[in-house]
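Here the protein sequences line up with chains H and U, keeping their order.
All residue numbers for the first sequence refer to the UniProt record's numbering, where the first residue is 1 and numbers rise by one.
All residue numbers for the second sequence refer to the UniProt record's numbering, where the first residue is 1 and numbers rise by one.
Protein chains: 2
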Amino acid sequence: MGEQPRRMQVLQAIVEDYVSSREPVGSKALVDRHELGVSSATVRNDMAALEEEGLIVAPHTSSGRIPTDKGYRLFVDQISEVKPLSAAEKRAVQTLLDATGDFNEMMARTVRALAQLTNQVAVLQYPHVDSSTIRHLEFVSLAPHRALVVVILSSGQVDQRAFHVEAEAPEASVAALKQLFLRYLDGLTPAQAAAGLQLALAEVPAEDRALALGFAAQLDQVFAARREDRIIMAGTANLARSTGDFPLSIGPILEALEEQVVLLRLLTEMEQDVRGLSVRIGSENSGSLAEASVIAAGYGPGAGAKLGVVGPTRMDYPGTMTAVRAVARYLSRILSQQP
Amino acid sequence: MGEQPRRMQVLQAIVEDYVSSREPVGSKALVDRHELGVSSATVRNDMAALEEEGLIVAPHTSSGRIPTDKGYRLFVDQISEVKPLSAAEKRAVQTLLDATGDFNEMMARTVRALAQLTNQVAVLQYPHVDSSTIRHLEFVSLAPHRALVVVILSSGQVDQRAFHVEAEAPEASVAALKQLFLRYLDGLTPAQAAAGLQLALAEVPAEDRALALGFAAQLDQVFAARREDRIIMAGTANLARSTGDFPLSIGPILEALEEQVVLLRLLTEMEQDVRGLSVRIGSENSGSLAEASVIAAGYGPGAGAKLGVVGPTRMDYPGTMTAVRAVARYLSRILSQQP
DNA sequence: CTTGGCACTTGATGTAGCCGAGTGCTAAGC
DNA sequence: GCTTAGCACTCGGCTACATCAAGTGCCAAG
């Protein structure tokens, strides 16, 4: 920290002060609150240079400076080693993330934990389809002419779909179909399942053919739905809190959060850096998230799915990055070792 | 409308104007925009009386009046017949609420439809446990020492729970246990299931006893979890929009929305009036919802579960009530006729 | 390259005055 | 007894203006 050019120290100090105070920071305040070892005049020169480079701006001709998105970017890239979680935070994560309960529940707990830890909106993308395989399926009659198809994946996820059955469906035929389908689908990923289904259909005896086609269509729907990723989130209330008296920006962000498609694309687009983290700052995002920053990390086998937080550009990057990475790691561990 | 005492007309006019303009409304503006047939002075007298009764207040000694919670209450109680949905709205509801897809998906679609229709935050409580019975169960091995129990209810809901298995679980024993449990649990509600489980356990052969106890414990957990109702919601972004420049209140409301427990208790506590609707206005709610109004209606068989919207006290009560009731009816119909 | 000094800028804050919307009240009219 | 016109009064909001504090840029000296 002491080794880098003073310019960087100044930028760092500006970011830190601005994040915590929410007010433009001036040269005097800077030398007061940070051990820079130089006078305010020197800092002023540095600040002029930083402004020249587009890293900070003065909102009004003569007031303190605030970091630009570019400034935040440099600041974030500068963070080499991410500091570990505090002991208290570690404890909080561990109590929140024990592995009991069903899959959905664990995901929900995880995203809540992240929201609480960061005081921000947390989002979690469900694991991508490719990572889990079909384990079991079940056809259940719910009522006359109404049935349910259930697909169970190796990850513990369960997909279902209720549908209307035209014809009579004799118990024996249904059971036979289930066995037949399962023989062909077991171990496949949902993405591969369509091919498996075709093979299975070829073996269906003529008298069950109509029934089988109906079931297969429903299964196809389930697999198709699974292919679309899902997102869950928590901590929306934190948004209102963190934007404080500056609520102009909360509307667009809330909108973006409701547009799951946008979020999903964003998450999948984001590339992880060497630290295993992705950070998108303000205008690096398009559309309604241009006022927000997103910090995400992959988790699970293959790191195909991501989790992260969304917040105002003026956020505590080091702390949030730490938390996101920690939660991603915990979740990965739980998912892999299946305790 | 013309028959009721003019006082009520005035109150009604004040509520309507205030809701649409967001500004205190004065006597002059009232006679201009409503066909009251009297002069502003007369209206002033009425307003003084209404203020005396605590139905309206003047925020500042001499400015227009705004309705109090009590005023809204009277206004809402006064609405005798709820006007029907417009044709366009009907169409919107119907296209949004076709019955395809799985149960969760339909619920999600419903709550989104309500949010969109009312431009407010919509909440939907999942059907209460008592209304559906156990239809099927399944034990699936996911990985060595890791298994999944799945319970399927007659409503089409599917509950699952992954757990760790200590001992070996031979295929044959698992299948036998499944049949045994199912024989005792089929047709029971989750609430009754604990008793059924005990009966089933009594019949388990000694060598499978340990395994059976393990499974039973997991089933118990599933039933217990199901007993806790769940809530889903949509349209949080509408909140930011509707509170407009007055975002002070958005924080507490968002918090309340995240506290599902509070919301659940509120929904179950609310009693339906003759119109099949429940309306809670501002201070009638305790805690962080004291700035908000809630309009809810029961749906489904027995009307055990509710759906509704949450918004600022200054909301379009007639319109929102219409929408909530319409959506509740549509959903009830779809759930009952299972098309 | 750093530093102290200084003139200058500017948003924020406070005060005063004015205007308009609105009220309450009284006295007259139906 | 209710309604209405008129009138004096209030008060929030807006503008104008002065003042203040924080901050900047720049220059000249160390």
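Yeah, the Cβ is synthetic: ideal placement off N, Cα and C, and Gly gets one too.
Contacts around residue i, its chain only, beta-carbon distance under 8 Å, and the 5 residues preceding and following it disregarded
| i | result |
| --- | --- |
| H:R146 | A162, F163, H164 and V165 |
| H:S62 | none |
| U:T322 | V82, K83, P84 and L85 |
Where residue i falls: helix, strand or coil (DSSP)
| i | result |
| --- | --- |
| H:V204 | coil |
| U:V150 | strand |
| H:S286 | coil |
| U:E51 | helix |
| U:V15 | helix |
| H:V324 | helix |
| U:A58 | coil |
| H:M233 | strand |
| U:A305 | strand |
| H:A167 | coil |
| H:V279 | strand |
| H:V38 | coil |
| H:R65 | strand |
| H:G311 | strand |
| H:E271 | coil |
| U:G187 | coil |
| H:S20 | helix |
| H:K83 | coil |
| H:S332 | helix |
| H:P5 | coil |
| H:D46 | helix |
| U:S155 | coil |
Start-to-end residues for the alpha helix (DSSP H) that takes in residue i
| i | result |
| --- | --- |
| U:P252 | I250 to E258 |
| H:R73 | D69 to Q78 |
| U:L211 | R209 to R227 |
| U:V121 | Counting along the chain, U:V121 falls outside any alpha helix (DSSP H), though it belongs to the beta strand (DSSP E) covering V121 to Q125. |
| H:M107 | F103 to T118 |
| U:L33 | For the sequence presented, residue 33 of chain U should be read as Arg rather than Leu. Run containing U:R33: S27 to R33, per the alpha helix (DSSP H) assignment. |
Exposed unless 16 or more other CB atoms sit within 10 angstroms - verdict on residue i
| i | result |
| --- | --- |
| H:H128 | buried |
| U:D17 | buried |
| H:H136 | buried |
| U:L213 | exposed |
| U:H325 | Here the sequence assigns Arg to residue 325 of chain U, which means His is not the residue at that position. Buried: at least 16 other Cβ atoms inside 10 Å. |
| U:A49 | exposed |
| H:P84 | exposed |
| U:D102 | buried |
| H:D159 | buried |
| U:P339 | Low local confidence applies: a pLDDT of 39 at U:P339 is under 50, so the model's placement there is unreliable, and no value is given. |
| U:D273 | exposed |
| U:P170 | exposed |
| U:L199 | exposed |
| U:Q179 | exposed |
| H:T118 | buried |
Distance cut-off 6 Å: residue i Cβ against heavy atoms of the ligand ZN
| i | result |
| --- | --- |
| U:F103 | The ligand ZN is not part of the structure shown, which contains no ligands of any sort. |
Same chain only: Cβ atoms within 7 Å of residue i, ignoring 5 sequence neighbours per side
| i | result |
| --- | --- |
| U:V262 | A256 and G287 |
| U:L153 | S132, T133, I134 and R135 |
| H:S20 | none |
| H:V121 | A115, M233, G235, T236, N238, L239, L257, V309, V310 and G311 |
For residue i, the first and last residue of its enclosing beta strand (DSSP E)
| i | result |
| --- | --- |
| U:Y299 | A292 to Y299 |
| H:Q160 | V158 to H164 |
| U:V93 | Note, U:V93: premise wrong, no beta strand (DSSP E); alpha helix (DSSP H) at A87 to L96. |
| U:E138 | I134 to A143 |
| U:A191 | No beta strand (DSSP E) contains U:A191, which DSSP labels as neither H nor E. |
Cβ shell of residue i (< 6 Å), same chain only, five flanking positions each side left out
| i | result |
| --- | --- |
| H:E138 | V150 |
| H:A13 | L30 and H34 |
| H:D331 | As written in the sequence, residue 331 of chain H is Leu, which differs from the Asp given in the question. Closer than 6 Å at the Cβ level, and outside the excluded window around H:L331, lie T110 and Y299. |
| H:V140 | L148 |
| U:L182 | L137 |
| H:Y184 | G196, L199 and A200 |
Problem set entry | Interface residues of the segment 247-271 of chain H facing chain U [CB-CB below 8 Å] | P247, I250, G251, L254, E255, L257 and E258
Exercise. For the segment 145-172 of chain U, which residues have a beta carbon sitting closer than 7 Å to at least one beta carbon of chain H?
Worked result: Correct list: R146, L148, V150, I152, S154, G156, V158, Q160, R161, A162 and H164.
Exercise. In chain order, what residues of the segment 211-244 of chain H put their CB closer than 7 Å to some CB of chain U?
Worked result: T236, A237, A240 and R241
Exercise. Along the segment 182-197 of chain H, what residues have a CB closer than 8 Å to any CB found in chain U?
Worked result: none
Problem set entry | Residues of the segment 132-143 of chain H with Cβ closer than 9 Å to any Cβ of chain U, in chain order | R135, H136, E138, V140, S141, L142 and A143
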